[in-house]
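**Student:** Encoded as structure tokens, here's the structure I'll be asking about.
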Amino acid sequence: MDEPRSSLQHARIILVKIGTEVVNSPEGLLAMGKIGCIVEQIARLHMQGKQIILVSSGAVAIGRMVLKRQQMLSGSMQSHLKGYNPAAQGSLNPKACAAAGQSGMQSLYEVLFSQYHLACSQILTSDTDFQVPETRENVKQTILSLLQVGIIPIINENDVVSQRKAPLTDATNRIAWDNDSLASLVAQELGAELMLLVTDTAGLADANGAVVHEYNPLQPMQFASTSRVGHHGQLDKVLACVDAINSGVVKVNTSTSISSSRF
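Counting from 440, one number per residue, gives the positions in the sequence shown under our numbering.
Right, dumping it as structure tokens:
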């Protein structure tokens with residue numbers, strides 16, 4: 440623990456990434472205790488003079504709850520007016536879920552951060568933003584401008600305008616774009632000294648659930664399956680971390696499943 444703590448003390452720009460499995464409870468509701476705890480710790484780091492960037496998932500999961508509730512209300516009304524067929528509703532559109540949930544996610548962060556007299560901002564990016572040098576530079580300069588005046592940027596993928604219908608994959612079918620790789624890209628672009636990945640597990644786990652204390656990219660390894668809510672698994676986090684570490688970013692994995700866990 441000494442090395443991560445030392446990295447935290449000496450880091451100037453810190454990126455914190457929290458996944459869907461962290462901001463949502465197993466029942467599909469917001470995990471207010473976890474979110475509040477993370478916001479409090481970010482506020483404390485900010486008070487210590489750190490510049491914090493937050494990459495947060497959760498909008499799609501929140502939007503899914505909103506759409507389901509609206510479907511129930513709409514279905515109840517239709518059943519009284521002209522008959523209601525539940526099968527006609529079909530599956531929920533992930534992009535619509537993102538649109539319905541993003542404002543609620545951001546509003547929650549604004550309320551929580553305001554309790555510490557902190558302001559936050561919303562930045563939505565897509566996979567194409569990091570493929571065009573000019574757009575990539577615009578994103579970087581915008582984040583830097585916000586950090587310079589003490590505003591905490593909250594970044595998420597813009598699922599609504601994203602042109603892809605599934606995560607990008609490479610020749611070996613590995614996911615090349617998700618919020619983990621987004622966090623890695625932003626950390627590298629902004630010159631972050633530390634990247635914290637907050638998960639709902641006690642650490643990186645192999646296929647049998649045992650905690651992996653050391654990872655060698657040259658040695659094949661099977662990791663635990665995807666999380667209960669998020670889209671992707673631990674391999675994606677590892678690949679994003681390896682990419683960031685190769686660029687000089689120190690990575691620390693921390694868990695909300697341990698009550699004593701703190702940044």
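Heads up, the beta-carbon is just placed ideally off N, CA and C, and yes, glycines get one too.
Contact between the region 553-563 and the region 474-485: three or more CB pairs below 8 Å?
**Tutor:** Because the criterion of three Cβ pairs below 8 Å is met, the region 553-563 and the region 474-485 touch.
**Student:** Reducing DSSP to helix, strand and coil, say where residue 455 ends up.
**Tutor:** Residue state, collapsed to three classes: strand.
**Student:** Pick from 575, 499, 561, 594: whose alpha carbon is nearest that of residue 469?
**Tutor:** Minimum Cα distance to residue 469 is reached at 499.
**Student:** Return the chain-ordered ranges of every beta strand (DSSP E) run that is complete within the region 512-593 and spans a minimum of 3 residues.
**Tutor:** Counting only runs of 3 or more, we get 559-564.
**Student:** Can you give me the C-alpha to C-alpha distance between residue 571 and residue 620, rounded to a whole angstrom?
**Tutor:** If you take the alpha carbons of residue 571 and residue 620, they lie about 17 Å apart.
**Student:** May I have the straight-line CA-CA distance separating residue 568 from residue 490, to the nearest angstrom?
**Tutor:** Answer to the nearest angstrom: the Cα atoms are 23 Å apart.
**Student:** Output yes or no for whether 8 Å exceeds the beta carbon distance between residue 493 and residue 633.
**Tutor:** Not a contact, by the Cβ cut-off of 8 Å.
**Student:** Which of the three DSSP states is assigned to residue 468 in this structure?
**Tutor:** If DSSP states are grouped into helix, strand and coil, residue 468 belongs with coil.
**Student:** Note down the Cα distance separating residue 542 from residue 506, rounded to an integer number of angstroms.
**Tutor:** Cα to Cα, the separation comes out at about 14 Å.
**Student:** Whole angstroms is fine: what's the gap from residue 545's alpha carbon to residue 504's?
**Tutor:** Those two C-alpha atoms are separated by around 16 Å.
**Student:** Given residue 456, which residues of its chain have a CB within under 6 Å of its CB, disregarding the five upstream and five downstream residues?
**Tutor:** Here the set comprises 494, 622, 636.
**Student:** Which first and last residues belong to the beta strand (DSSP E) in which residue 637 is found?
**Tutor:** Taken as a continuous stretch (DSSP letters only), the beta strand (DSSP E) holding residue 637 covers 633-638.
**Student:** So what does residue 494 bridge to, in DSSP terms?
**Tutor:** DSSP lists 456, 594 as partners of residue 494.
**Student:** Can the beta-carbon of residue 537 be found less than 8 Å from the beta-carbon of residue 599?
**Tutor:** Cβ distance < 8 Å, so residue 537 and residue 599 count as in contact.
**Student:** Kindly give me the distance between the Cβ atoms of residue 630 and residue 452, rounded to whole angstroms, as I take these residues to be in contact under 8 Å.
**Tutor:** With a Cβ gap of about 6 Å, residue 630 and residue 452 count as contacting.
**Student:** Tell me the rounded alpha-carbon separation between residue 578 and residue 594.
**Tutor:** Their backbone Cα atoms lie some 10 Å apart in a straight line.
**Student:** Do residue 565 and residue 532 have their beta-carbon atoms positioned less than 8 Å apart in this structure?
**Tutor:** No. Outside cutoff.
**Student:** How close, in whole Å, do the beta carbons of residue 560 and residue 583 come, if the pair is a contact with beta carbons under 8 Å?
**Tutor:** Not a contact, Cβ separation roughly 12 Å.
**Student:** Going by Cα to Cα distance, which pick from 618, 487, 550 is closest to residue 449?
**Tutor:** If we check each option's Cα against that of residue 449, 487 comes out closest.
**Student:** Alpha helix (DSSP H) containing residue 487: first to last residue?
**Tutor:** First-last for residue 487: undefined, no H or E at that position.
**Student:** Less than 8 Å between the beta carbons of residue 540 and residue 496, yes or no?
**Tutor:** No. Outside cutoff.
**Student:** Could you tell me the distance, in whole angstroms, from the CA atom of residue 534 to the CA atom of residue 601?
**Tutor:** Those two C-alpha atoms are separated by around 9 Å.
**Student:** Comparing alpha-carbon positions, which option in 485, 465, 618 lies nearest residue 591?
**Tutor:** Measuring from the Cα of residue 591, the nearest candidate turns out to be 485.
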